[in-house]
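Protein chains in written order, with the working numbering: chain A, 30 to 266; chain B, 30 to 266.
Glycine included, C-beta positions come from ideal geometry on N, C-alpha and C.
Scroll down for the structure; my scribbles are underneath it.
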DNA sequence: GCTGTTGGAAACCTTCACTTTCTAGCTCAA
DNA sequence: TTGAGCTAGAAAGTGAAGGTTTCCAACAGC
């Protein structure tokens, strides 16, 4: 197919496709002449992956390129995961290294307590320390015990994640799936958590207090609504 | 304290503080003259919250403003959660409404199966549908059953989240904590999941095949003794 | 042959989150 | 009381990111 077909099939403007080609996110097609280059189904799939990683996953073009280039190398699953993990943006302010390092023991303790085997160089150690520092500064102390409970939840998610990969034989398909599972299931989990938060706060209606609602009418900025199906506290577990 | 003190205490440049004032993220200080305005501890705390939400949570200035303005209204916990949820960016391409709506039944089924009570207008319904659409297009079908397992994990997280809020009496503190718990615990959970993924893939070493590592860094800390099963949550399986 | 598409490069655009610059007034130590 | 150094507030500028537009010559396909 030609570039216009690719554009039509994926809903991506031709200009954008050219941009991705230029940036090396999308491999070049098969050039048949000065004005004709053909693309295949793999380009369609790749383009969808690019859009999902950038638009949904919020990855930058550079991070996406790193991850895609890793996906194209047939790595061991473990290496694949590491490459994907390392390519991920971990916003850690260089100016705050000291304050962040102060949280490192708590991270080490957690990993030890969970019995997790994690490379000493994993960027996620620092990322976790940075988040804990933020929380501490804001007066929110996550106790060891509570952190462990979240860690167990994360472990359960990770087991499900890896279950999805376990049966895949083909290396390249595995690599692509690893990237998808790691990166695109994260927004899924995040949104499920928010939905669950809403339900859970309905369930705990009693705790919500008695009051009628103050001035909620003008919800901030965007979409507002009246409280639709408000069930109230009559709900069992 | 004056603006320079505020700057020093939080590590935020004066210019940036002025910018936040201008954008309405930070309430104005107490003006004592044409060139002297005093700020208090609440400004320090607010500034830290702004930095955490933007730098760590990745929120835009506009979303942060929405959330902060909600935090300043003493709402019911339930309303607070809703306002925070609604202010969140949910990247849903308007051009794809049709394809997204096609996934709505699956979302409804999930909510019904989980017994979750969620407002019909919740933006997260569409957000979830959009993610499922992406995954489907990429050839990753999340079966109902598997989706439910993730949903249970999310529910467990949500229960922990709300546990943190339950005992808070003061409305304004509660509002702030709700925002923190919803928004800043998300990166924590995400990073814990990644750490757990690494551990889990080590655990499944057999599946990883035999191979030595291609080109990527040091082998992950192999000879560690730290995996004491003590104290911490014992792993089953 | 005529109309429309393509490849490739370069210039351009928009948004975001700050930064810089400027003016004029004020504070405070010497 | 003087002058070096804040300070408020507005306006303009910056740099990165992620495209988008504009060209043009070379085809493609009817």
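- The DSSP-derived three-state label of residue 59 of chain A is strand.
- For the set A:231, A:222, A:156, A:170, the Cα lying nearest the Cα of residue 154 of chain B is the one of A:222.
- Think of a sphere of 7 Å around the beta carbon of residue 163 of chain A: the chain B residues whose beta carbon falls inside it are 81, 85, 213, in chain order.
- When the five nearest sequence neighbours on each side are left out, the beta carbons in the same chain lying within less than 7 Å of the beta carbon of residue 106 of chain B are those of 194, 203, 207, in order along the chain.
- Excluding its 5 nearest sequence neighbours in each direction, residue 171 of chain A has C-beta neighbours in its own chain below 7 Å: 161, 164, listed in chain order.
- Shown here for residue 211 of chain B: same chain residues with a beta carbon closer than 6 Å to its own, the five before and five after excluded, namely 113 in chain order.
- Residues of the segment 36–57 of chain B with a C-beta atom less than 8 Å from some C-beta of chain A are 40, listed in chain order.
- Counting C-beta atoms within 10 angstroms of its own C-beta, residue 205 of chain B has 16 or more neighbours from the protein chains shown and is therefore classed as buried.
- If you keep only unbroken alpha helix (DSSP H) runs of at least 4 residues inside the segment 127–159 of chain A, you get 133–143.
- Across the segment 59–72 of chain A, no CB contact with chain B closer than 9 Å is found for any residue.
- If you check the CB distance, residue 133 of chain B and residue 156 of chain B do not come in under 8 Å.
- Annotated three-state conformation of residue 224 of chain B is helix, per DSSP.
- Under a 10 Å Cβ-count criterion, residue 228 of chain A is classified as buried, with 16 or more other Cβ atoms of the shown protein chains found around its own Cβ.
- Taking 7 Å as the upper bound on Cβ-Cβ separation, chain B lies near residues 143, 144, 145, 146, 147, 148, 149, 150, 151, 153 of the segment 143–154 of chain A.
- Residue nearest to residue 54 of chain B within the set B:63, B:62, B:60, B:82 is B:82 (criterion: CA-CA distance).
- Looking at the backbone, the Cα of residue 84 of chain B and that of residue 213 of chain B are separated by about 11 Å.
- The beta-carbon separation of residue 39 of chain B and residue 73 of chain B, rounded to 6 Å, stays under the 8 Å limit for a contact.
- In the three-state DSSP reduction, residue 110 of chain B falls in the helix class (H, G or I).
- Buried is the label assigned to residue 184 of chain A, since at least 16 other Cβ atoms lie within 10 Å of its Cβ.
- Within 8 Å of the CB of residue 122 of chain B, the CB atoms of chain A belong to 84, in sequence order along the chain.
- Nothing from the segment 127–139 of chain B brings a Cβ to less than 7 Å from some Cβ of chain A.
- Chain-ordered listing is empty here: chain A has no CB closer than 9 Å to the CB of residue 174 of chain B, the nearest sitting near 11 Å.
- Just measuring C-alpha positions, the residue of B:129, B:35, B:98, B:226 sitting nearest residue 146 of chain A is B:226.
- Here the segment 176–190 of chain A makes no contact with the segment 91–107 of chain B; the two share fewer than three CB pairs at distances below 8 Å.
- For residue 67 of chain A, the enclosing beta strand (DSSP E) has its first and last residue at 65–67.
- When the alpha-carbon of residue 200 of chain A is set against those of A:124, A:144, A:110, A:115, the nearest one is in A:110.
- Here residue 92 of chain B is not near residue 123 of chain B, since their CB atoms are 8 Å or more apart.
- Residue 62 of chain B and residue 46 of chain B have their C-alpha atoms spaced approximately 19 Å apart.
- Listed along the chain, the chain A residues whose CB falls inside 8 Å of the CB of residue 229 of chain B are 184, 187, 188, 190, 191.
- Residue 41 of chain B counts as buried, since at least 16 other C-beta atoms from the protein chains shown sit within 10 angstroms of its C-beta.
- As the crow flies, the alpha-carbon of residue 216 of chain B is around 12 Å from that of residue 179 of chain A.
- Rounded to whole angstroms, the separation of the alpha carbons of residue 76 of chain A and residue 35 of chain A is 9 Å.
- Pairing residue 67 of chain B with residue 31 of chain B gives a Cβ-Cβ distance under 8 Å.
- Taking C-alpha positions only, residue 69 of chain A is separated from residue 78 of chain B by approximately 48 Å.
- Of the candidates A:139, A:90, A:149, the residue whose Cα lies closest to the Cα of residue 181 of chain A is A:139.
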